[in-house]
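Using this note's numbering, count along the sequence shown one by one with no gaps and you end on 1790.
Glycine is no exception: its CB is placed at the ideal position from the N, C-alpha and C atoms.
Note that the coordinates shown come from a computational prediction; the quantities given were computed from them, not determined experimentally.
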Amino acid sequence: MKYTLYIILFFVLITTACKKNKFEGNINTNKAPKTYMVVDTINRSGSNRYNSQVKVSWWGNDEDGYIKGYKISFDLVNWVYTSKQDSIFNLIIPQGNDTFDFNFYIKAVDNLNKEDEGYASIKYPIKNSKPSIAFIVPSGSAGIITKNPIKSFPVVKYNWLASDPDGDQDIDHIEICLNDSLLKPYILNASIKEVTFIAEQPSASITSCKVYVGQSISPLSDVILNMATNKENILYIRSVDKVGSKSNYIASNPLYIKKVNSDILMINAIVSSSQRIPVQDFYANALKAQNKNVFDTLQAVEIVNNNYTELSVDNLTQSRVFNLFKHIIWITDDANFSLAFGQKTTSDFFKLGGNMFMASAFANNWDTTSSWLDFTPVKALVPQKTGQTYRMVDQANIANAVSGWPALKFSTIGAPIVRPIFKFDNNGTYNYEYLYNATIRITGGGPSYDWSNVDSTNVIAKRANSSGKTNFIFSALPLEKSNGNSNIDLFFKKALIDELQF
């Protein structure tokens, strides 16, 4: 009986406690969050205004939840959601204004997607900043030779970099003028960073130029005016932003533009400073003996302050220079330089119907299978045995391999290295032919002896197209030392006039 009473009392107490602690009433509604700017007010004027790129920061608070994100607006109509609490904005000033006040509005969004019933705001006083621009000019150093011409035929390339403190996307366009900054400027898209000018009348004193962008093979629709030949030229350039603010004009380095006087170009790539002018004079006289008194020259290996003075900045531009001519005489004592260079720059020249006479000396250690020969009539050099050297000696015979060509004789003091050649085999595009073989002295690796095997001592070859027109004659001989029979003018008449039709 006693225990039964305790049990009844326990249940009465439990029931009473539950009634007293029962959750009763209405559930509270979700409260809207509040939004705050890190900075409440900005007081700036005149030159103290912000640039158009600004960083804005904000934060929010929610009493009964948490902040999930924010909505941003500049006009209280269009809102953009973000989960960030700061961001960098590039503010575009309306065209024609140097200053402007941007209103920035933001409101917080809580975890139940409830938005601030108002918003936080701040006004940013903005000023426009002038853009800037600078030419990109390579600079050489010891052991690293640059190509930045101070003289050029009328094919020239310029590179630059434009920038804007308000963000580079604020640049609207580029303006350029040749030789006179008061001229109506030529307008380029803001994205353009390099152009090439090619003269429309390369033999005129003043010429308009086609304008090529980057590596494009098609010019822009408009030409640029006022390139002057046989004078120094300066390109003026400035950048213009979307507000219309312009950088100051800056001037390029002066560049002497050489007039194209003929359809013949002599490329002097003689590295030896003592031989450069004498060898050039020899070939100049050879041209004059054929009544070719007017021709142009390019000094391919002239270097001043670790910079090639007349080579174009890149292979495409150099190729376009060569395309100004129909005939090229290329003389060199450095096959490594000239053949590698020619391989990369003459493809279009030949496709356009150009032809070439090249005389090149080879070093004793030349790679006999080098691919740099591929653009010439020469497939490879005749290999040497270890320790051997092939040389030309005084009064060595240079025999014609084809009738109608004059027999030549080598005449010089000393015994310069000469490397006999193998021509390419005939194919459907070109036919190849040996023109001369020589008596060559083999020294080293045993007793010296003279070698005149006509199958292995060829030194001059030609290439002709399928219709029989010669477009390349290549000599592995220094022809300025091959006039022992006093008939070198007959050779050049046959090579330059009859075959290559200079």
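For this session: Provide the residue(s) that pair with Gly1752 in DSSP beta bridges, ordered along the chain.
Result: As a position in the sequence shown, residue 1752 is number 464, starting the count at 1. Before going further, note that residue 1752 is Ala rather than Gly in the sequence given. In the DSSP output, where bridge partners are listed per residue, Ala1752 has Asn1719 and Thr1758.
Exercise. Between the region 1627-1644 and the region 1592-1610, do at least 3 Cβ pairs fall closer than 8 Å?
Worked result: yes
Exercise. Can you give, in chain order, each stretch of the beta strand (DSSP E) that sits fully within the region 1538-1570 and has at least 3 residues?
Worked result: 1543-1545 and 1552-1557
Exercise. When you compare only the Cα positions, how much space is there between Ile1505 and Ala1752?
Worked result: By one-based count along the sequence shown, residue 1505 stands at place 217. By one-based count along the sequence shown, residue 1752 stands at place 464. Using only the alpha carbons, I get a separation of about 28 Å.
Exercise. Going by the beta-carbon positions, is the gap between Ile1421 and Ile1462 smaller than 9 Å?
Worked result: Here residue 1421 corresponds to residue number 133 of the sequence shown, with the count starting at 1. Here residue 1462 corresponds to residue number 174 of the sequence shown, with the count starting at 1. Yes, the Cβ-Cβ distance between Ile1421 and Ile1462 is below 9 Å.
Exercise. Whole-angstrom Cβ separation of Ile1414 and Phe1390, contact assumed at under 8 Å?
Worked result: The residue labelled residue 1414 in the question sits at position 126 within the sequence shown. The residue labelled residue 1390 in the question sits at position 102 within the sequence shown. At roughly 6 Å, the Cβ-Cβ gap stays under 8 Å, so Ile1414 and Phe1390 are in contact.
Exercise. Under the rule that 16 or more other beta-carbon atoms within 10 Å means buried, what is Met1289, buried or exposed?
Worked result: Locating residue 1289 in the sequence shown gives position 1, counting from the first residue. The pLDDT assigned to Met1289 is 44, lower than 50, so where the model puts this residue is not dependable, and the model offers no usable value.
Problem set entry | Delimiting residues of the beta strand (DSSP E) encompassing Gly1348 | As a working note, residue 1348 is residue 60 in the sequence shown. Gln1341 to Asn1349 is the extent of the beta strand (DSSP E) around Gly1348.
For this session: Compute the distance between the beta-carbons of Ile1661 and Arg1707, then report whether it is under 9 Å.
Result: Position 373 of the sequence shown, counted from the start, is the residue given in the question as residue 1661. Position 419 of the sequence shown, counted from the start, is the residue given in the question as residue 1707. The sequence given here places Leu at residue 1661; Ile does not occur at that position. No. Outside cutoff.
Problem set entry | Limits of the unbroken beta strand (DSSP E) element including Val1368 | Position 80 of the sequence shown, counted from the start, is the residue given in the question as residue 1368. Unbroken beta strand (DSSP E) run through Val1368: Val1368 to Thr1370.
For this session: Express the C-alpha separation of Asp1622 and Ala1651 in angstroms, rounding to a whole number.
Result: Translated into positions along the sequence shown, residue 1651 becomes position 363. Translated into positions along the sequence shown, residue 1622 becomes position 334. Straight-line Cα distance between these residues: approximately 8 Å.
Exercise. Are there three or more Cβ pairs, one per stretch, closer than 8 Å when the region 1518-1538 is compared with the region 1571-1578?
Worked result: no
For this session: Output the boundary residues of the beta strand (DSSP E) element that contains Gln1587.
Result: Counted from its first residue, the sequence shown places residue 1587 at position 299. Asp1584 to Gln1587 is the extent of the beta strand (DSSP E) around Gln1587.
For this session: Work out the CA separation of Ile1552 and Ala1572 for me, nearest whole Å.
Result: For this step, residue 1572 is matched to residue 284 along the sequence shown. For this step, residue 1552 is matched to residue 264 along the sequence shown. Taking the straight line from one Cα to the other gives about 11 Å.
For this session: Can you tell me which of Gly1455, Trp1654 and Ser1659 puts its alpha carbon nearest to the alpha carbon of Asn1378?
Result: Within the sequence shown, numbered from 1, the residue matching residue 1378 stands at position 90. Among Gly1455, Trp1654 and Ser1659, the Cα nearest to that of Asn1378 belongs to Gly1455.
Problem set entry | Cβ shell of Tyr1524 (< 6 Å), same chain only, five flanking positions each side left out | Here residue 1524 refers to the residue found at position 236 of the sequence shown. Cβ within range, chain order: Cys1465, Ser1469, Tyr1537 and Ala1539.
For this session: Within its chain, find whatever has a CB closer than 7 Å to the CB of Ile1392; leave out the 5 residues flanking it on each side and keep chain order.
Result: Taking the first residue of the sequence shown as 1, we reach residue 1392 at position 104. According to the sequence provided, residue 1392 is Phe. The question's Ile does not apply to it. The residues are Val1344, Phe1362, Ser1409, Ile1410 and Tyr1412.
For this session: Please classify Thr1364: does DSSP put it in a helix, a strand, or coil?
Result: Stepping through the sequence shown from its first residue, residue 1364 is reached at position 76. It should be pointed out that residue 1364 corresponds to Leu in this sequence rather than to Thr. Correct three-state label for Leu1364: coil.
For this session: Just list the alpha helix (DSSP H) runs in the region 1609-1674, keeping only unbroken ones of 4 residues or longer that don't cross its boundaries, in chain order.
Result: 1623-1633 and 1635-1639
Exercise. Pairing CB atoms from the region 1685-1696 with CB atoms from the region 1768-1776, are three or more of them under 8 Å?
Worked result: yes
For this session: Quick one: grab the DSSP three-state call for Thr1700.
Result: Translated into positions along the sequence shown, residue 1700 becomes position 412. Here Thr1700 sits in coil by DSSP.
Problem set entry | Cutoff 7 Å; reference Ile1330; Cβ partners in own chain excluding five residues on either side | For this step, residue 1330 is matched to residue 42 along the sequence shown. Ile1410, Lys1411, Tyr1412 and Pro1413, listed in sequence order.
Problem set entry | Whole-Å CB distance - Tyr1500 paired with Pro1490, under 8 Å assumed | Within the sequence shown, numbered from 1, the residue matching residue 1500 stands at position 212. Within the sequence shown, numbered from 1, the residue matching residue 1490 stands at position 202. So it is not a contact: roughly 15 Å between Cβ atoms.
Problem set entry | N-terminal and C-terminal residue of the beta strand (DSSP E) that Ile1462 is part of | Along the sequence shown, read from residue 1 onward, the residue named residue 1462 stands at position 174. Counting along the chain, the beta strand (DSSP E) containing Ile1462 begins and ends at Ile1459 to Leu1466.
For this session: For the beta strand (DSSP E) holding Asp1743, just list the boundary residues, first then last.
Result: One-based indexing of the sequence shown puts residue 1743 at position 455. Element bounds for Asp1743: n/a, residue is neither H nor E.
Problem set entry | Minimum C-alpha distance to Leu1767 - residue among Gln1672, Asp1743, Thr1717 and Asp1777 | Reading the sequence shown from its first residue, position 479 is the one you call residue 1767. Nearest of Gln1672, Asp1743, Thr1717 and Asp1777 to Leu1767, Cα basis: Asp1777.
Exercise. Near Leu1788, which residues of its chain fall below 7 Å by C-beta distance, leaving aside the five closest residues on each side in sequence?
Worked result: As a working note, residue 1788 is residue 500 in the sequence shown. The answer, listed in chain order, is His1615, Asn1643, Phe1645, Thr1758 and Ile1761.
For this session: Take Ile1748 and list the residues in its own chain whose beta-carbon comes closer than 6 Å to its own, dropping the five residues that flank it on each side.
Result: As a first step, residue 1748 must be located in the sequence shown, where it is residue number 460. Within the same chain, Ile1748 has close Cβ partners Leu1723, Tyr1724 and Ser1763.
Problem set entry | Beta-bridge partners of Lys1445, as assigned by DSSP | The sequence position of residue 1445 within the sequence shown is 157, counting from 1. Partner(s): Thr1484.
For this session: Only counting runs of 3 or more residues, tell me where the beta strand (DSSP E) segments fall wholly within the region 1502-1528, in order along the chain.
Result: 1512-1516 and 1519-1521
Exercise. Taking the alpha carbon of Lys1547 as the point to measure from, which residue in Ala1487, Thr1674 and Gly1734 has its own alpha carbon closest?
Worked result: By 1-based counting over the sequence shown, the position of residue 1547 is 259. For the residues Ala1487, Thr1674 and Gly1734, the minimum Cα distance to Lys1547 belongs to Ala1487.
For this session: Tell me whether the beta-carbon of Ile1438 lies closer than 9 Å to the beta-carbon of Ile1394.
Result: Looking up residue 1438 in the sequence shown gives position 150. Looking up residue 1394 in the sequence shown gives position 106. No, the pair does not count as a contact, with Cβ atoms beyond the cut-off.
Problem set entry | Three-state class that DSSP yields for Leu1476 in the structure shown | As a working note, residue 1476 is residue 188 in the sequence shown. In the structure shown, Leu1476 sits in a strand (DSSP, three-state: E or B).
For this session: Name, in chain order, the residues that DSSP records as bridge partners for Ala1764.
Result: Here the question's residue 1764 lines up with position 476 in the sequence shown. The partner list for Ala1764 (beta bridge, DSSP) is empty, contrary to what the question assumes.
Problem set entry | the region 1344-1353 in contact with the region 1314-1328 per 3-pair CB rule at 8 Å | yes
Exercise. Among the residues of its own chain, which have a CB less than 7 Å from the CB of Thr1700, if the five just before and after it don't count?
Worked result: For this step, residue 1700 is matched to residue 412 along the sequence shown. Counting only Cβ-Cβ distances below 7 Å, and skipping sequence neighbours, we find Asp1682 and Lys1769.
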